[in-house]
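Participant: With the first letter of the sequence shown counted as 1, position 35 gets the number 117 in this note's numbering; the numbers rise by one all the way through.
Glycine included, C-beta positions come from ideal geometry on N, C-alpha and C.
Note that the structure is predicted; figures quoted are calculated from it, not measured.
Take this structure first; my questions come after.
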Amino acid sequence: MDLIPSFSVDHTKIVPGIFISRQDDVGGNVVTTYDVRVTKPNVEPAVDVAAMHSLEHIIATYLRNDEDWKDQVIYWGPMGCLTGFYLILKGGHKPQEIHDLLLRAFESVKDVDEVPGALPVNCGNYRLHNLELAKRQAAAFAKYLSDNADNPDIFEYPKADRLVTEDGRQFFDS
Ligand SMILES: [Zn+2]
83 MDLIPSFSVD HTKIVPGIFI SRQDDVGGNV VTTYDVRVTK PNVEPAVDVA
133 AMHSLEHIIA TYLRNDEDWK DQVIYWGPMG CLTGFYLILK GGHKPQEIHD
183 LLLRAFESVK DVDEVPGALP VNCGNYRLHN LELAKRQAAA FAKYLSDNAD
233 NPDIFEYPKA DRLVTEDGRQ FFDS
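Structural data, given as structure tokens:
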């Protein structure tokens, strides 16, 4: 398959959703990095850092236990800007193909009684968790994903020219 060349994203036009940020050929296999954007950058409040950390644990656990997808999950983790997550999967699935997986993952948060792995032995900052805020954020995003399932804008990024720094290097946000 054709890999998607690296591009820059116009962050002023992003809406929340599920987007391919890049695809890489790793030893002849396609690996796809998705941006799972939870809030609208620079417009909506970013996700609370403790809630973000809890969602990192809860949704990583969900994805890595999902019977249909667990073998394809390489990585799930938070964006430094706290507006979403990075998801890396084996294969070249379209964002629409993982909509159901992510909807189920975020819907599952409401049933969680305690954040998995939130102990000093498992986590680098075990006090930095907020399950109640994580539940509120996850419920709002799950509703958004459900309401917008047929909206193509939540699956395709607004593209922009790549930024080049003064000394000629290209800027990458991930
Ligand atoms: Zn942790």
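Three or more C-beta pairs closer than 8 Å, one from the region 174-181 and one from the region 210-223: is that the case here?
Facilitator: Put simply, the region 174-181 does not touch the region 210-223. Fewer than three CB pairs are less than 8 Å apart.
Participant: Looking at the structure shown, is Asn230 part of a helix, part of a strand, or coil, going by DSSP?
Facilitator: Indexing the sequence shown from 1 puts residue 230 at position 148. Asn230: coil per DSSP, three-state reduction.
Participant: From the DSSP secondary-structure annotation, give me the bridge partner or partners of Pro160.
Facilitator: For the purposes of this step, residue 160 is identified with residue 78 of the sequence shown, where counting begins at 1. Phe167, per the DSSP bridge assignment.
Participant: Give the DSSP-derived three-state secondary structure of Lys176 in the structure shown.
Facilitator: Indexing the sequence shown from 1 puts residue 176 at position 94. Lys176 carries a coil assignment under DSSP once its states are collapsed to helix, strand and coil.
Participant: Please report the straight-line C-alpha distance between Ile141 and Asp229, rounded to a whole angstrom.
Facilitator: Looking up residue 141 in the sequence shown gives position 59. Looking up residue 229 in the sequence shown gives position 147. Going from the Cα of Ile141 to the Cα of Asp229 covers about 20 Å.
Participant: Taking 6 Å as the limit between beta carbons, can you name the residues of its chain near Trp151, skipping five residues before and five after?
Facilitator: Taking the first residue of the sequence shown as 1, we reach residue 151 at position 69. Taken in chain order, the residues that qualify are Leu183.
Participant: Nearest to Asp92 by CA position, among Arg146, Asn124 and Tyr208, is which residue?
Facilitator: As a first step, residue 92 is located in the sequence shown; it is residue number 10 there, counting from the start. Asp92 has its Cα closest to that of Asn124, out of Arg146, Asn124 and Tyr208.
Participant: Opposite Asn111 in the DSSP bridges: which residues?
Facilitator: Along the sequence shown, read from residue 1 onward, the residue named residue 111 stands at position 29. Its beta-bridge partners are Val108.
Participant: Got a sec? Which residues, its chain only, sit under 6 Å from Phe223 by beta carbon, not counting five neighbours each side?
Facilitator: As a working note, residue 223 is residue 141 in the sequence shown. Closer than 6 Å at the Cβ level, and outside the excluded window around Phe223, lie Val120 and Phe188.
Participant: Does the region 158-176 come close enough to the region 98-116 that 3 or more CB-CB pairs lie under 8 Å?
Facilitator: yes
Participant: Keeping to the same chain, check which residues put their C-beta closer than 7 Å to that of Val155; ignore five residues upstream and five downstream.
Facilitator: Position 73 of the sequence shown, counted from the start, is the residue given in the question as residue 155. Counting only Cβ-Cβ distances below 7 Å, and skipping sequence neighbours, we find Leu145, Arg146 and Leu171.
Participant: Beta-carbon separation of Lys122 and Pro160 under 8 Å?
Facilitator: Looking up residue 122 in the sequence shown gives position 40. Looking up residue 160 in the sequence shown gives position 78. Cβ atoms of Lys122 and Pro160: not closer than 8 Å.
Participant: If you check the beta carbons only, do Ser103 and Asn212 fall under 8 Å apart?
Facilitator: One-based indexing of the sequence shown puts residue 103 at position 21. One-based indexing of the sequence shown puts residue 212 at position 130. Cβ distance not < 8 Å, so Ser103 and Asn212 don't count as in contact.
Participant: Between Val129 and Leu164, how many whole angstroms is the CB-CB distance? I'm expecting something under 8 Å.
Facilitator: The residue you call residue 129 lines up with position 47 of the sequence shown. The residue you call residue 164 lines up with position 82 of the sequence shown. Between Leu164 and Val129 the Cβ distance is about 5 Å, and since that is below 8 Å, they are a contact.
Participant: May I ask you to report which of helix, strand or coil DSSP gives Arg186?
Facilitator: For the purposes of this step, residue 186 is taken as the residue at position 104 of the sequence shown. In the three-state reduction of the DSSP assignment, Arg186 falls in the helix class, which pools H, G and I.
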